[in-house]
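**Student:**
Numbering (our numbering), first residue to last: 3 to 145.
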């Protein structure tokens, strides 16, 4: 599976560790930046990852900033993106089962890295349940 990842300066080091971890598990990673801890604006990277998923360049996306809030808001501005800010593996599971989240958002300064890896693993290994949840997910898009 191909996964796009992106982060601002606050999430850079966590993004790098996630990238290395996923590559070691055989995932193909498209790194959308940032490429250092130099101060940058998180919306650019939320949009880049969101567009990569929307355009089919990648199957899923992961975005990281200090809190996870801003970059998730930016990713969610891309049509068809359902970015979920997850702070526990349980959030990650529910975001996939019930909401069909296609972008995972993480707060680098909010969650211990070992828990972040559990969140990533849970999110990537969970599938959308469909059924009654499909109707609700379809109502998320506003025309």
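Even glycine gets a Cβ: it sits at the ideal position worked out from N, Cα and C.
Rounded to a whole number of angstroms, what is the C-alpha to C-alpha distance between residue 99 and residue 38?
**Tutor:** Position 97 of the chain shown holds residue 99. Position 36 of the chain shown holds residue 38. Their Cα atoms are separated by approximately 34 Å.
**Student:** Please determine if the stretch 71 to 90 and the stretch 35 to 53 are in contact, where contact requires at least 3 C-beta pairs separated by less than 8 Å.
**Tutor:** Output reads yes: the stretch 35 to 53 touches the stretch 71 to 90.
**Student:** Tell me which same chain residues have a C-beta within less than 7 Å of the C-beta of residue 29, skipping the five on either side of it?
**Tutor:** Position 27 of the chain shown, counting from 1, holds the residue named residue 29. Closer than 7 Å at Cβ, skipping near neighbours: 3 and 5.
**Student:** Just list the residues that DSSP pairs residue 8 with in beta bridges.
**Tutor:** If you number the chain shown from 1, residue 8 lands on position 6. In DSSP, residue 8 forms a bridge with 65.
**Student:** In this structure, how does DSSP classify residue 109 when only helix, strand and coil are distinguished?
**Tutor:** Here residue 109 refers to the residue found at position 107 when the chain shown is read from its first residue. Correct three-state label for residue 109: strand.
**Student:** Could you check whether residue 54 and residue 34 sit closer than 8 Å to each other, using their CB atoms as the reference points?
**Tutor:** Residue mapping note: residue 34 aligns to position 32 of the chain shown, counting from 1. Residue mapping note: residue 54 aligns to position 52 of the chain shown, counting from 1. A contact, by the Cβ cut-off of 8 Å.
**Student:** Do you know how far the Cα of residue 110 is from the Cα of residue 27?
**Tutor:** The count along the chain shown starts at 1 and reaches residue 27 at position 25. The count along the chain shown starts at 1 and reaches residue 110 at position 108. Cα to Cα, the separation comes out at about 21 Å.
**Student:** Report all residues from its chain with a CB closer than 7 Å to the CB of residue 31; omit the five preceding and five following residues, and keep chain order.
**Tutor:** For this step, residue 31 is matched to residue 29 along the chain shown. If we look at residue 31 and ignore the five residues flanking it on each side, its Cβ neighbours are 5, 7, 21, 24 and 25.
**Student:** How about residue 128 and residue 95: do their beta carbons lie closer than 8 Å?
**Tutor:** Position 126 of the chain shown, counted from the start, is the residue given in the question as residue 128. Position 93 of the chain shown, counted from the start, is the residue given in the question as residue 95. Yes. Within cutoff.
**Student:** By the 10 Å Cβ neighbour count, where 16 or more other Cβ atoms means buried, how is residue 97 classified, buried or exposed?
**Tutor:** Taking the chain shown and counting its residues from 1, the one referred to as residue 97 is at position 95. Residue 97 is buried by the Cβ-count criterion.
**Student:** Would you mind sorting residue 116 into buried or exposed? The rule is 16 or more other CB atoms within 10 Å of its CB.
**Tutor:** Along the chain shown, one-based indexing puts residue 116 at 114. Under this definition residue 116 is an exposed residue.
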